[in-house]
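See below for the structure under consideration.
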Amino acid sequence: MRVCIFGTGYVGLVTGACLAEVGHDVACVDVDAAKIEGLNRGLVPIYEPGLGAMVKANHAAGRLRFSTDAAAGVAHGDIIFIAVGTPPDEDGSADLRYVLAVARTIGQHLRAPALIVNKSTVPVGTASKVEAAIADELAARGVDIAFDVVSNPEFLKEGAAVEDCMRPDRIVIGADRAAPVATLKRLYAPFNRNHDRIVSMDVKSAELTKYAANAMLATKISFMNEIANIAEHVGADVEQVRKGIGSDPRIGWHFIYPGAGYGGSCFPKDVRALASVARQHGVTPRLLQAVEDVNDAQKGHLFDLIVRHYGGATHLRDKTFAIWGLAFKPNTDDMREASSLRLLQQLLDAGARVRAFDPEALHEARRVLGTLDALTLCNSADATLEDADALVVVTEWKQFRSPVFAKLASMLGDAVIFDGRNLYEPDEVEAAGLAYFGIGRGRSVRAL
Ligand SMILES: NC(=O)c1ccc[n+]([C@@H]2O[C@H](COP(=O)([O-])OP(=O)(O)OC[C@H]3O[C@@H](n4cnc5c(N)ncnc54)[C@H](O)[C@@H]3O)[C@@H](O)[C@H]2O)c1
């Protein structure tokens, strides 16, 4: 099938590559000329496992094309996806300017009936706005062309985006007519072989489903971080508590890891946007507000542990901290709203020096942070330890899981680890002669 995708970010590029991989004919359009030029030269702008090879193979096979030419893209697509960003506006609501700009572009260039599929995460009611924007442009041109607008929210996870797209848990389609659902079923048939993953519903429910999913996951994380903070104060170990509750199938093992707070391009903005939608409709989002407040406080928790250990922020002046992990989670180079950013700022403000490493996000860190005298970006985890006083683990990359603690003890001037993801067993770390601070790991119980 002939598909056009507006936006070649995490969602658009992965969707385009996966649709091309199963044989569809895909034209990707972006306003970022440098990104398009790079993609046409085989440069994939983001790190996602498996994506680079898939993009290159399908581009070489002619099933995946990249262009800034919106008119050609619209002419190509019988199905036109909108997969552009929906960043937060100043009040937390979703900024729809990019989505509506694409809608107007489609209206300006549409020559034949098409199905418009909104994949961006958008507030309830956006499909109607997209429909109106396209209709306005068609009316301005004095033409009458049939089109449908449906909602098809994306559930892929950064770090496993290709895998999620090739083997989705579910494919949510929000449509108010049966015909577009049938078209999308045909498009997605290759991803839908061993059992039916399609969940079709009305447009508004589909739009709300995406926010509900992310808000639920964010809620689980904030809940567990709150339990961790209680555990720390009462002298319990949240890792034991986690094992005790995760075994209950009603609770489950996923998303109950305490840590340094959630980040990324989705959870923070989607929780805020859903709260904003609620307020606009006269509903007070008490729980969503609490989820965000807990997360905001949690992003400062590692620094609080550090300050407590050193007996005050003034004692951090001229200390050197090794930081492992800058991306907001493993297997991505995305640093949007990453917990590392808050910690870096706090340490640098306190006059400390930082030596940081991330397996994939160093180039992004250079872009986001620029050059700072007190910050050294290192090319390996080991290199961060040179002249460092303490180690802080912020992102749970696999390669950080089993360090040689004796070596850390000999290299770290103050022989202390702050483990923002509870990667290590406190007893093992302490046996090597290091002080250990994790999240929600009360010390009295462990001593028993
Ligand atoms: N990143 C994720 O993990 C994820 C997962 C599910 C849903 N989403 C949602 O999908 C949407 C896209 O997210 P993303 O992370 O892919 O964004 P992104 O910022 O990585 O990419 C957006 C792309 O859209 C392009 N763009 C902007 N305006 C355009 C226009 N008028 N025409 C063509 N291209 C244009 C930008 O240049 C950019 O390349 C958002 O609504 C997001 O909430 C993201």
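Taking this note's numbering, the leading residue of the sequence shown gets 5, the next gets one more, and so forth. For every residue, glycine included, the Cβ atom is placed at its ideal position computed from N, Cα and C. All of these numbers come straight from a predicted model, not from anything done at the bench.
Only counting the same chain, and skipping five residues up and downstream in sequence, which positions put a Cβ closer than 6 Å to that of P194?
Same-chain partners within the cutoff: V26.
What residue ranges within the segment 238-265 form continuous alpha helix (DSSP H) runs of no fewer than 4 residues, ordered along the chain?
Qualifying alpha helix (DSSP H) stretches, in chain order: 242-250.
Which residues in the same chain as K303 place their Cβ atom closer than 7 Å to its Cβ, once the five residues preceding and following it in sequence are excluded?
Once the five neighbours on either side are set aside, the close Cβ partners of K303 are A264, G265, S343 and R346.
Quick check: the Cα distance between M415 and F259, rounded to an integer number of angstroms?
Roughly 34 Å separates the two Cα atoms.
Quick one: Cα of C169 to Cα of L438, how far?
In a straight line, the C-alpha of C169 is about 43 Å away from that of L438.
Flag this pair as yes or no: are the beta carbons of V78 and I110 separated by less than 9 Å?
Taking 9 Å as the Cβ cut-off, V78 and I110 qualify as a contacting pair.
Apart from the five residues on each side of it in sequence, which residues of its chain come closer than 6 Å, Cβ to Cβ, to R357?
Excluding residues within five positions, the ones whose Cβ falls inside 6 Å are T324 and A378.
Ordered along the chain, which non-local residues of its own chain (more than five positions away) have a Cβ less than 8 Å from that of L352?
Here the set comprises V358, L376, A378 and L379.
So what does C8 bridge to, in DSSP terms?
Answer is A31 and I84.
State buried or exposed for W257, treating a residue as buried only when at least 16 other CB atoms are found within 10 Å of its CB.
It is exposed - the Cβ of W257 has fewer than 16 other Cβ atoms within 10 Å.
Whose C-beta lies closer than 8 Å to the C-beta of A451 among residues of the same chain, with five residues either side of it excluded?
At A451, the pLDDT of 41 sits below 50, so the modelled position is not reliable and the matter cannot be decided from this model.
Report whether the distance from the Cβ of P157 to the nearest heavy atom of ligand 3 is below 8 Å.
Among the ligands modelled here, namely ligand 1, ligand 3 does not occur.
Quick check: is any heavy atom of ligand 1 less than 8 Å from the C-beta of K402?
No, Cβ of K402 sits at least 8 Å from all heavy atoms of ligand 1.
If you pair each beta-carbon of the segment 12-31 with each one of the segment 61-71, do three or more pairs fall below 8 Å?
Contact holds: three or more Cβ-Cβ distances are below 8 Å.
Just reading off the beta strand (DSSP E) that A360 is part of, what are its end residues?
Where A360 is concerned, the enclosing beta strand (DSSP E) stretches over R357 to F361.
Considering N299, what are the terminal residues of the beta strand (DSSP E) in which it resides?
From DSSP, N299 is part of no beta strand (DSSP E) but of the alpha helix (DSSP H) over R290 to Q302.
Could you name the residues that DSSP lists as bridge partners for G178?
Answer by DSSP bridge pairing, in chain order: S155 and M205.
From D140, S97, L43 and R197, pick the residue whose C-alpha is nearest to that of H113; which is it?
Minimum Cα distance to H113 is reached at D140.
Please name the residue in R190, V238 and G267 whose C-alpha comes closest to that of N218.
Of the candidates R190, V238 and G267, the one whose C-alpha sits nearest the C-alpha of N218 is G267.
Of all the beta strand (DSSP E) runs that stay within the bounds of the segment 77-140, which reach a length of 3 or more residues?
Complete beta strand (DSSP E) runs here, min 3: 83-86 and 118-122.
Quick check on this structure: which residue in E94, E230, V166 and D34 has the alpha carbon closest to the alpha carbon of A75?
Ranking the options by Cα distance to A75, first place goes to D34.
Going straight from the alpha carbon of A317 to that of F422, what length do you get?
Cα-Cα distance, rounded: 15 Å.
Between C22 and ligand 1, is the CB less than 8 Å from at least one heavy atom?
Because no heavy atom of ligand 1 lies under 8 Å away, the Cβ of C22 does not count as near it: no.
What are the partner residues of W328, as DSSP defines its beta bridges?
Looking at the DSSP assignment, W328 forms a beta bridge with F361 and V397.
Is the separation between the beta-carbon of P127 and that of E211 shorter than 9 Å?
Yes.
Could you have a look at D322 and say whether DSSP puts it in helix, strand or coil?
If DSSP states are grouped into helix, strand and coil, D322 belongs with coil.
Determine the direct distance from the alpha carbon of I249 to that of V242, and round the result to whole angstroms.
Roughly 10 Å separates the two Cα atoms.
I'd like to check one pair, R174 with I202: are the Cβ atoms closer than 9 Å?
In contact: I202 and R174 (Cβ atoms closer than 9 Å).
By DSSP, does A439 sit in helix, in strand, or in coil?
DSSP places A439 in strand when its eight states are reduced to three.
Looking at E3 and ligand 1, is the gap between the Cβ and the nearest heavy atom below 8 Å?
The question about residue 3 has no answer here: the residues shown for the chain are numbered 5 through 452.
Give the range of the beta strand (DSSP E) segment to which R4 is assigned.
The question about residue 4 has no answer here: the residues shown for the chain are numbered 5 through 452.
Could you check whether the Cβ of K323 sits closer than 8 Å to any heavy atom belonging to ligand 1?
Checking every heavy atom of ligand 1 against the Cβ of K323, none is found closer than 8 Å.
Is there contact between the segment 329-336 and the segment 295-311, where contact requires at least three CB pairs shorter than 8 Å?
No contact exists between the segment 329-336 and the segment 295-311.
I believe I120 touches I86 by the beta-carbon criterion, under 8 Å. Please report the beta-carbon distance rounded to the nearest angstrom.
Between I86 and I120 the Cβ distance is about 7 Å, and since that is below 8 Å, they are a contact.
What number of angstroms, rounded off, separates the C-alpha of L373 from the C-alpha of G442?
If I take the Cα positions, the gap works out to 26 Å.
How many Å lie between H63 and L43 at the Cα?
Going by the C-alpha atoms only, they are around 9 Å apart.
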